[in-house]
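Read through the structure below, which is laid out as structure tokens, and then see the notes.
Chains as they are written, first to last, in UniProt numbering: chain L, 1 to 669; chain X, 1 to 284.
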């Protein structure tokens with residue numbers, strides 16, 4: 001059957017950078033888009049990103065930079081867990097992305113001559129990062145929001161703001177034919193038939209109760225796809241930022257530059273010393289980073305800082321406060337005028353939200369859950385050049401036919417750890433790049449949005465209406481409060497699955513989460529009304545946090561290694577101990593053997609499938625495409641790093657020579 | 001004075017919170033009292049979270065949780081605007097210690113008064129975004145393909161535009177504006193959703209567009225490609241509900257949480273429309 005004459009109809013779920021970029025590109029390619037978002041799209045969480053957006057550029061090229069190096073920094077930073085073809089494509093698109101955003105009116109900071117200014121970010125030697133003040137995410141999002149508003153006025157976009165995505169609609173072949181969503185004001189549940197569906201709903205930080213993410217980042221949309229058969233990959237990789245301001249309601253980021261300018265991290269030696277910080281003499285203070293890492297002091301790498309702060313509070317019990325974990329980040333020894341000149345912006349945030357002047361009193365900070373590296377599993381088609389095949393329908397398609405995942409809610413680009421200023425890039429890139437893939441997919445289908453049987457739409461709506469009604473009236477006599485269960489889940493996840501992971505704790509948490517899941521399924525709601533019932537919306541998102549939490553915990557339990565954001569001290573690779581050169585060489589050889597053996601076992605993406613009969617996540621593992629850059633050890637801070645690196649380089653050179661002389665002898669994987 | 005000195009223990013054990021509630025559009029508003037346990041470093045969002053979790057009023061009677069809107073909780077997304085102790089602001093950056101320092105007895109929370117109430121503290125701010133449509137607040141680029149870089153922009157222009165582009169459409173400026181009046185229509189019986197929306201849109205487009213939209217018009221008129229539409233934007237500002245409706249009360253700039261120079265934008269728009277009018281007259 002030929003396609004009807006009606007235009008391609010795509011539902012985009014989520015109005016952050018990825019969702020808006022996708023909407024904008026799809027409308028340009030002729031699609032009609034239904035854009036569904038929990039919040040007015042201009043208020044999406046992308047507005048919170050501060051640092052900037054990466055691309056190699058004219059200036060860095062003259063220093064020897066190129067897209068290939070951007071690719072290399074990304075996969076090295078990600079501890080080689082990224083499939084390399086998508087990262088390659090992203091790195092090569094990056095300059096184009098910046099240029100487009102520039103044309104769309106993003107007020108990037110300028111050099112004196114009027115070019116886009118750049119700054120340096122962690123994990124790279126080049127000034128690749130374009131920025132608009134300290135609110136780059138906000139500026140990028142607004143530029144896309146404006147273009148989507150323009151398309152809306154043209155009649156190409158229908159925005160459905162304050163709508164909650166409840167799940168994909170699938171036909172008997174499993175293909176996604178649209179979505180069911182709920183108006184959060186009138187509580188009406190409605191079907192949106194479509195040729196294809198894009199999910200761009202961001203991270204799942206709220207599983208941890210509080211994080212640096214917005215309240216919209218529950219992960220429930222991704223979970224609803226997961227529970228309907230989409231695979232979910234690398235759930236265990238959650239980036240934790242070392243310094244954030246703990247708040248009763250949320251955790252707000254505090255930039256690393258505070259330590260860069262001389263900030264000192266400490267706790268009182270006496271647990272919960274009742275004295276004010278300035279009354280505690282030097283002798284009673286424990287500058288634990290400076291004592292434990294005399295060489296680097298407060299400027300140890302991010303992951304080490306994160307782990308040590310966590311350790312001092314959790315294992316040593318030396319948190320500044322007894323009911324809340326935090327350490328002091330002290331700037332009070334630095335003259336006020338210097339602080340104002342160098343750190344004014346971030347100190348104002350602390351002042352505004354804590355009501356305390358950090359020039360007078362040390363800041364109380366703690367690591368905070370910040371970014372989901374994992375997400376919905378998504379396919380791609382590799383091109384002959386090792387990047388992605390432009391326009392291939394399978395690019396970023398989930399394991400549900402016709403359902404796409406882009407932005408933070410898919411699992412590509414960041415690997416085991418995210419390189420700073422790459423997330424904005426990955427969101428806009430995936431939104432733009434997948435436009436033609438989605439159009440080609442839609443064009444190749446025999447039936448489209450207009451042909452979806454009414455019975456299919458009706459039954460999908462009914463299933464969701466039943467769930468909704470059951471939540472309002474089904475749990476008579478139950479005393480379970482969704483907000484309190486959420487608190488318990490968050491506390492548990494934060495305790496066992498953030499910075500340092502231990503198998504016994506993970507096992508215990510898995511059992512506890514099972515119990516919480518059962519309790520969450522029979523919550524009793526204080527509001528059973530049918531107008532703007534936030535209670536029932538929250539209860540649903542809470543219930544849907546559990547499948548992701550389970551995939552995350554199980555993934556972490558089964559991964560017995562340290563890789564990027566996932567750190568298990570029991571499986572840490574030791575430093576070299578011997579002073580004897582021969583023995584040291586032998587140790588380095590053994591270290592490299594162990595590293596290779598570990599990669600053999602764990603250089604894999606965890607791929608979870610939701611098992612509806614057991615209510616558990618089943619895990620499988622897929623090989624990582626490392627065809628462009630062979631994995632190498634990350635040795636920062638390790639004793640004996642030079643020897644290990646030497647052995648590793650010799651082995652790599654040998655392998656390269658062998659593969660040249662006889663094809664197929666040695667694989668690079 | 002930044003905060004209460006941590007050594008003074010004069011903090012209360014409980015906080016009284018008075019919330020102006022409304023169950024749905026068209027329903028009568030009513031006041032409800034809540035009492036929650038004081039904790040250090042609370043903001044209005046965490047107060048509302050506690051109210052949601054306990055779902056009983058001050059007398060211990062079971063009540064529905066108060067509905068409110070919030071997002072990033074970092075004063076960037078613009079969701080959580082409400083009137084707190086009589087002043088419009090973001091509830092995330094409204095710290096309880098400071099509120100209690102001003103008024104030790106209670107915290108009073110009300111929805112913004114210039115927009116139709118959806119429920120409790122949630123209002124419908126669609127008119128704010130429609131204001132952006134009215135002034136065509138976007139850059140009309142040819143396409144989203146790779147066409148190379150945009151024009152070079154001088155640092156001065158970037159520094160003038162950057163503050164304007166921080167507007168988060170929160171609504172503080174229009175809440176404080178005496179010329180921005182509430183428009184609340186009700187759906188007639190037999191009127192379809194689409195018809196009602198169209199009628200609502202028509203009413204909005206006659207009324208004062210608001211300082212935020214005027215400022216956005218100036219932002220895009222100062223962009224090398226955006227200025228292609230400068231004439232159309234100025235036409236919109238000369239029309240009904242445009243600049244002539246501004247009474248120059250200057251309340252907007254006083255309440256803007258991002259300290260956007262709104263009155264400067266309005267003055268610039270005034271000059272630009274005058275020039276535009278003369279130019280159009282000569283071209284007739």
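Positions of the beta carbon are idealized from the N, C-alpha and C atoms, including for glycine.
- Close to residue 223 of chain X, with beta-carbon spacing below 8 Å, are these residues of chain L in chain order: 105.
- Of the other Cβ atoms in all chains shown, 16 or more fall within 10 Å of the Cβ of residue 567 of chain L; this residue is therefore buried.
- Residues of chain L with a Cβ closer than 7 Å to the Cβ of residue 133 of chain X are, in chain order, 149, 153.
- Residue 155 of chain L sits exposed, since fewer than 16 C-beta atoms from the chains shown fall within 10 Å of its C-beta.
- Chain X has a Cβ within less than 8 Å of the Cβ of residue 45 of chain L.
- Cα atoms of residue 262 of chain X and residue 520 of chain L: separation of roughly 47 Å, rounded to the nearest angstrom.
- Assignment of alpha helix (DSSP H) within the stretch 335-391 of chain L, counting only whole runs of 4 or more residues, yields 336-354 in chain order.
- A contact is defined here as three or more CB-CB pairs under 8 Å, and the stretch 132-150 of chain X meets this definition with respect to the stretch 228-240 of chain X.
- Contact residues of the stretch 31-55 of chain X toward chain L are 39, 41, 42, 43, 45, 46, 49, 52, 53, 55 (C-beta to C-beta distance below 7 Å).
- Taking 8 Å as the Cβ-Cβ cut-off, the stretch 266-298 of chain L approaches chain X at 276, given in chain order.
- Excluding residues up to 5 positions away in sequence, 522, 523, 524 lie with their Cβ nearer than 7 Å to the Cβ of residue 475 of chain L in the same chain.
- 212, 213, 214, 215, 216: these are the residues of the stretch 195-222 of chain L whose beta carbon lies less than 9 Å from some beta carbon of chain X, given in chain order.
- In this structure, residue 394 of chain L keeps its C-beta atom at 8 Å or more from the C-beta atom of residue 410 of chain L.
- In this structure residue 22 of chain X is buried. Its beta-carbon is surrounded by 16 or more other beta-carbon atoms within 10 angstroms.
- Residue 350 of chain L has a beta carbon lying at 8 Å or more from every beta carbon in chain X.
- Contact check for residue 207 of chain L against residue 548 of chain L passes: the beta carbons are separated by less than 8 Å.
- Counting only the Cα atoms, residue 396 of chain L lies some 9 Å from residue 381 of chain L.
- Against residue 527 of chain L, the close residues of chain X are 64, 65, in the order they occur along the chain (beta-carbon pairs closer than 7 Å).
- Secondary-structure assignment with DSSP links residue 605 of chain L through a beta bridge to L/622.
- Residue 76 of chain X sits close to residue 48 of chain L, with the two beta carbons spaced by under 8 Å.
- Per DSSP, reduced to three states, the secondary structure at residue 255 of chain X is helical.
- Bounds of any alpha helix (DSSP H) do not take in residue 182 of chain L; it lies within the beta strand (DSSP E) bounded by 176-183.
- The beta carbon of residue 45 of chain X sits closer than 7 Å to the beta carbons of 70, 73, 80, 91, 92 from its chain, once the five residues preceding and following it are set aside; these are given in chain order.
- Taking 8 Å as the cut-off, the Cβ atoms of residue 403 of chain L and residue 217 of chain L do not count as close.
- Pairing residue 332 of chain L with residue 362 of chain L gives a Cβ-Cβ distance under 8 Å.
- If you look at residue 140 of chain L, you'll find it in the alpha helix (DSSP H) that goes 136-153.
- Counting only residues of its own chain and dropping the five nearest sequence neighbours on each side, residue 508 of chain L has a CB closer than 8 Å to the CB of 496.
- By the neighbour-count definition (other C-beta atoms within 10 Å, threshold 16), residue 354 of chain L is a buried residue.
- One finds 23, 24, 119 in chain X with Cβ atoms closer than 8 Å to the Cβ of residue 531 of chain L, taken in chain order.
- What residue 185 of chain L touches in chain X, judged by beta-carbon distance under 7 Å, is 118, going in chain order.
- At a cut-off of 8 Å between beta carbons, residue 127 of chain X makes no contact with chain L.
- Close CB contacts of residue 595 of chain L within its chain, under the 6 Å cut and outside five residues either way in sequence, are with 633 (chain order).
- Collapsing the DSSP output to three states places residue 611 of chain L in a strand.
- Look at the beta carbons and you see the stretch 288-296 of chain L not touching the stretch 467-484 of chain L: under three pairs across the two are nearer than 8 Å.
- Secondary structure remark: continuous alpha helix (DSSP H) runs of at least 4 residues inside the stretch 10-76 of chain L, in chain order: 17-28, 58-61.
- Closer than 8 Å to the CB of residue 252 of chain L there is at least one CB belonging to chain X.
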